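Peer 1: Dropping the structure in here first, questions after.
Number of protein chains: 2
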Amino acid sequence: MMSTTRAWHLMSRPTGLPTMDNFALKEAALPELQDGWARVENQWLSVDPYMRGRMNDVRSYVPPFALGEPMQGGAVGTVVESRAPSLAVGDKVFHMLGWREAAAGPAEAFNKLPPLPVPDHQWLGNLGLTGGTAYFGLLRVAEAKEGDIVFVSAAAGAVGSAVVQIAKAKGMKVIGAAGGAEKCEWVLSLGADAALDYKSGPIAKLLADAAPDGIDVYFDNVGGDHLDAALGAARQRARFAICGMIEDYNSGSSHSFRNLLRIIGSRITIKGFIYTDYLSEIADFYRDMGGWIASGQVTSRETVREGIEAAPQAFLDLFSGANIGKMLVRL
Amino acid sequence: MMSTTRAWHLMSRPTGLPTMDNFALKEAALPELQDGWARVENQWLSVDPYMRGRMNDVRSYVPPFALGEPMQGGAVGTVVESRAPSLAVGDKVFHMLGWREAAAGPAEAFNKLPPLPVPDHQWLGNLGLTGGTAYFGLLRVAEAKEGDIVFVSAAAGAVGSAVVQIAKAKGMKVIGAAGGAEKCEWVLSLGADAALDYKSGPIAKLLADAAPDGIDVYFDNVGGDHLDAALGAARQRARFAICGMIEDYNSGSSHSFRNLLRIIGSRITIKGFIYTDYLSEIADFYRDMGGWIASGQVTSRETVREGIEAAPQAFLDLFSGANIGKMLVRL
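From first to last, the protein sequence lines stand for chains R and C.
Mapping to the numbering used here: the first sequence position 301 is 289, numbers consecutive.
Mapping to the numbering used here: the second sequence position 179 is 167, numbers consecutive.
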């Protein structure tokens, strides 16, 4: 039986900020189930800033989206048909065949949700790529430890809000930057010691006032002026985990850095990283994050859009900061 | 007996590129010798780009030069009077009381030249701060290893030319950047696999052509467009040692970076460092560098200015790239 699904296709490669014209919602054929395959209906789709990179035709750590084809991304769904012994109809799974209502593929493409008492969508958030990026970036890449002074940008975003809470759970002092009073209030409610509203003044000045003794760790989601401010505030042997530079995804940096020389004088280490580099340590992450969620030390907030039609606009809204916490699409 | 010396004093703090007006050659009193002290007449003075930082009144890894006082810097001299059992008249020493004709201080301030068959001034060059910075930066900070493709900027400078030769001695492929045909010829003569004349075109294009497969290591002496080009060419898990940013010392960076996002996708590590962090490993450096100099694998070239009067202009000329190899002042 041939079946189809509605899926968002990449129709043209954006230059700068993408627009709705770059995308089209079209019927796509689902491949027929082979032995060892399953078919899944999606309930939750993730939209993430990193997807912008896959819309360019450049070699990177993940291949670019193919033009005229369905895009991919994190999703949670339910198995509705299975020819794989490891998957039963009704099983909940998370997988990377998002941007569509249904998906079919080999059982290895689908991961059964681990038996933790959390809502399904958390596997796209604090227990998924988002939380894992925060966890490994803060603790492994930046080697943040108890007592460190940590600065995190986009602290009201999906990754940033997880960084704030992980840092507090580990006994660090945390300064978060976010845009606007509502976001800053939420960042404080997560336990941050200070929340800096970058719309209220130059972030370098705000950070210097909030951290007169400087910072040990910077978790970068923004780039540009936030990165420069962190360089200016870095203490000796500060460590920077570069997770994202949302200011630069669409246009490249137009910021003129004032503080690059401090890399030398303060012996700063700056490291880029990718969540999947740390999959071999994911048991640590599930143990710690599962525990913090169970104890209430890590909470989450979602900005939810409804229906497959909403997916590209949800994605675009990431770049104007329209989300608080994790941006999700519910089908 | 009270004695004096001519010494260069910092009379005002430069803004931007220093000028001769910032300095004055004046008589300064030499402190009377106490027990355990010695008096030294200097034969060689070092001028180095890092000294620009000490002319600013900012906290850094070394304290700023005091206004109205003699400056300091690397020097080689001869003991002419001693009240210290460890130093005899006639001993050759290297020390940090430069920018002056003579110096007096406790014996611990003076290091007897180790018994290696090299010209005295090498202790300010390949066997001194210059060579040590190259050695530890390349091998420890950037963890460069046999087979790596290494890019080094200011490759005809004191540190850069040492990096080129150490990299070749260790079996790496080396691409050096320098300004002008004469410098590039010298870089090639040191063994570099390619020399890029940054005055002949955009360094990003030159590097992309010379390293179509990318680079594993970047040794940065320049910052700005060279650093951006290196980011653009970096392979997966590339390591950058940030030694200097001569483009930025006087004015801060005005470069708009195009390739910062590659820090993430290529998992680049960028590390600032200071030579003195590695003094505990200096025996390794003397052993290796001494051997390479003895075998002719590492050679040197100097740009020598004559007389104490010449010191500030020699220093200023570093910023216009007037030197090939190590810039020295001979007294």
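Note that CB positions come from ideal geometry on N, CA and C, so glycine has one too.
These numbers were taken from a predicted model, which means no experiment stands behind them.
Using 10 angstroms around the beta-carbon of C:P300, count the other beta-carbons present and answer buried if the total reaches 16, otherwise exposed.
Peer 2: Under this definition C:P300 is a buried residue.
Peer 1: List the residues of chain R that C:M233 touches, going by C-beta distances under 9 Å, in chain order.
Peer 2: Residues of chain R passing the Cβ test: L248, L249, I251 and I252.
Peer 1: In angstroms with no decimal places, state the Cα-to-Cα distance between C:G116 and C:I234.
Peer 2: Cα-Cα distance, rounded: 20 Å.
Peer 1: Using beta carbons (cut-off 8 Å, strictly below), is R:R128 in contact with chain C?
Peer 2: Taking Cβ atoms only, chain C never reaches closer than 8 Å to R:R128, which makes this a no.
Peer 1: What in chain C is Cβ-close to R:K259, meaning under 7 Å?
Peer 2: T257, listed in chain order.
Peer 1: Would the stretch 165 to 174 of chain R and the stretch 133 to 145 of chain R be scored as touching if the rule is three or more Cβ pairs under 8 Å?
Peer 2: Because the criterion of three Cβ pairs below 8 Å is met, the stretch 165 to 174 of chain R and the stretch 133 to 145 of chain R touch.
Peer 1: Do you know offhand how far R:K133's Cα is from C:K133's?
Peer 2: R:K133 and C:K133: Cα-Cα distance of roughly 30 Å.
Peer 1: If the cut is a Cβ gap below 8 Å, which residues of chain R does C:S268 touch?
Peer 2: Near C:S268 there are no residues of chain R at all, since even the closest Cβ is about 15 Å away, more than 8 Å.
Peer 1: Which bits of chain C does R:I262 rub up against, with CB to CB less than 9 Å?
Peer 2: Correct list: I252, G253 and R255.
Peer 1: Please name the residues in the stretch 192 to 206 of chain R whose beta-carbon is closer than 7 Å to at least one beta-carbon of chain C, in chain order.
Peer 2: Of all residues in the stretch 192 to 206 of chain R, none has a Cβ within less than 7 Å of some Cβ in chain C.
Peer 1: Exposed or buried, R:T7, counting other C-beta atoms within 10 Å across all chains shown (16 or more means buried)?
Peer 2: R:T7 comes out exposed.
Peer 1: For the structure I just gave you, are there three or more beta carbon pairs, one from the stretch 186 to 198 of chain R and one from the stretch 15 to 29 of chain C, closer than 8 Å?
Peer 2: Taking 8 Å as the limit for Cβ pairs, the verdict is that the stretch 15 to 29 of chain C does not touch the stretch 186 to 198 of chain R.
Peer 1: Starting from the beta carbon of R:G148, find every residue of chain C whose beta carbon is closer than 8 Å, and list them in chain order.
Peer 2: Neighbours of R:G148 on chain C: none; closest Cβ ~15 Å, over 8 Å.
Peer 1: Go through the stretch 109 to 171 of chain C residue by residue and report every complete run of the alpha helix (DSSP H) that reaches 4 residues or more, in order.
Peer 2: Listed in chain order, they are 117 to 124 and 146 to 157.
Peer 1: Taking CB distances under 8 Å as the criterion, tell me whether C:A137 reaches chain R.
Peer 2: For the record, residue 137 of chain C in the displayed sequence is Ile; it is not Ala. No, C:I137 lies away from the interface with chain R (no Cβ there is under 8 Å from its Cβ).
Peer 1: Mind checking whether R:L13 and R:R(-6) have CB atoms under 8 Å apart?
Peer 2: Yes, the pair counts as a contact, with Cβ atoms nearer than the cut-off.
Peer 1: Are there 16 or more other CB atoms within 10 angstroms of the CB of C:Q224, so buried, or fewer, so exposed?
Peer 2: The residue in question, C:Q224, is exposed, as its Cβ has fewer than 16 Cβ neighbours within 10 Å.
Peer 1: Considering R:L329, what are the terminal residues of the beta strand (DSSP E) in which it resides?
Peer 2: No information on residue 329 of chain R is available, as it lies outside the stretch -11 to 319 that chain R covers here.
Peer 1: Buried or exposed: R:G260, going by 16 or more other Cβ atoms within 10 Å of its Cβ?
Peer 2: By the neighbour-count rule (16 or more Cβ atoms within 10 Å), R:G260 is buried.
Peer 1: Are any of the Cβ atoms in chain R nearer than 8 Å to that of C:G119?
Peer 2: Chain R contact via Cβ: absent.
Peer 1: Looking at the structure shown, is R:W32 part of a helix, part of a strand, or coil, going by DSSP?
Peer 2: Note: R:W32 maps to strand in three-state DSSP.
Peer 1: Counting only the same chain and skipping the five closest in sequence on each side, list residues whose C-beta sits under 7 Å from that of R:G86.
Peer 2: Excluding residues within five positions, the ones whose Cβ falls inside 7 Å are N30, L33, S34, Q60, G61, G62 and A63.
Peer 1: For the stretch 258 to 304 of chain R, which segments carrying the alpha helix (DSSP H) assignment without a break, of at least 4 residues, lie completely within its bounds, in sequence order?
Peer 2: The stretch 258 to 304 of chain R contains these whole alpha helix (DSSP H) runs: 270 to 283.
Peer 1: Closer than 8 Å is the cut-off here; do at least three beta carbon pairs connect the stretch 145 to 159 of chain R with the stretch 273 to 286 of chain R?
Peer 2: They touch, by the three-pair rule.
Peer 1: In three-state DSSP terms, what is C:K187?
Peer 2: Residue state, collapsed to three classes: coil.
Peer 1: What's the gap between the Cα of R:G120 and the Cα of R:S177?
Peer 2: C-alpha separation (whole angstroms): 21 Å.
Peer 1: By alpha-carbon positions, which one of R:G211, R:S244 and R:M84 ends up nearest to R:V28?
Peer 2: For the residues R:G211, R:S244 and R:M84, the minimum Cα distance to R:V28 belongs to R:M84.
Peer 1: Under 8 Å between C-beta atoms, does R:G41 make it to chain C?
Peer 2: Yes, R:G41 counts as interfacial toward chain C.
Peer 1: Have a look at R:P52, R:F124 and R:T(-8) and flag the residue whose alpha-carbon is nearest the alpha-carbon of R:F207.
Peer 2: Looking at the Cα atoms, R:F124 is the closest of the given residues.
Peer 1: Would you report the Cα separation of C:Q110 and C:A218, rounded to the nearest angstrom?
Peer 2: Their Cα atoms are separated by approximately 30 Å.
Peer 1: Looking at the strands, I want to know which residues DSSP matches up with R:G58.
Peer 2: The question names Gly, but residue 58 of chain R is Pro in the sequence shown. Per DSSP, R:H(-3).
Peer 1: Would you say R:D236 and R:G211 are within 8 Å of each other, going by their C-beta atoms?
Peer 2: A contact, by the Cβ cut-off of 8 Å.
Peer 1: Rounded to a whole number of angstroms, what is the C-alpha to C-alpha distance between C:G78 and C:V68?
Peer 2: Approximately 6 Å, taken between the alpha carbons.
Peer 1: Run down chain C in chain order and give the residues with a C-beta less than 9 Å from the C-beta of R:I296.
Peer 2: Going along chain C, no residue has its Cβ under 9 Å from R:I296, so there is no contact; the nearest lies around 29 Å.
Peer 1: Run down chain C in chain order and give the residues with a C-beta less than 8 Å from the C-beta of R:G65.
Peer 2: Under the 8 Å cutoff, chain C gives no residues; its nearest Cβ is about 28 Å from R:G65.
Peer 1: Within the 8 Å Cβ cut-off, does R:S242 reach chain C?
Peer 2: Interface residue, yes.
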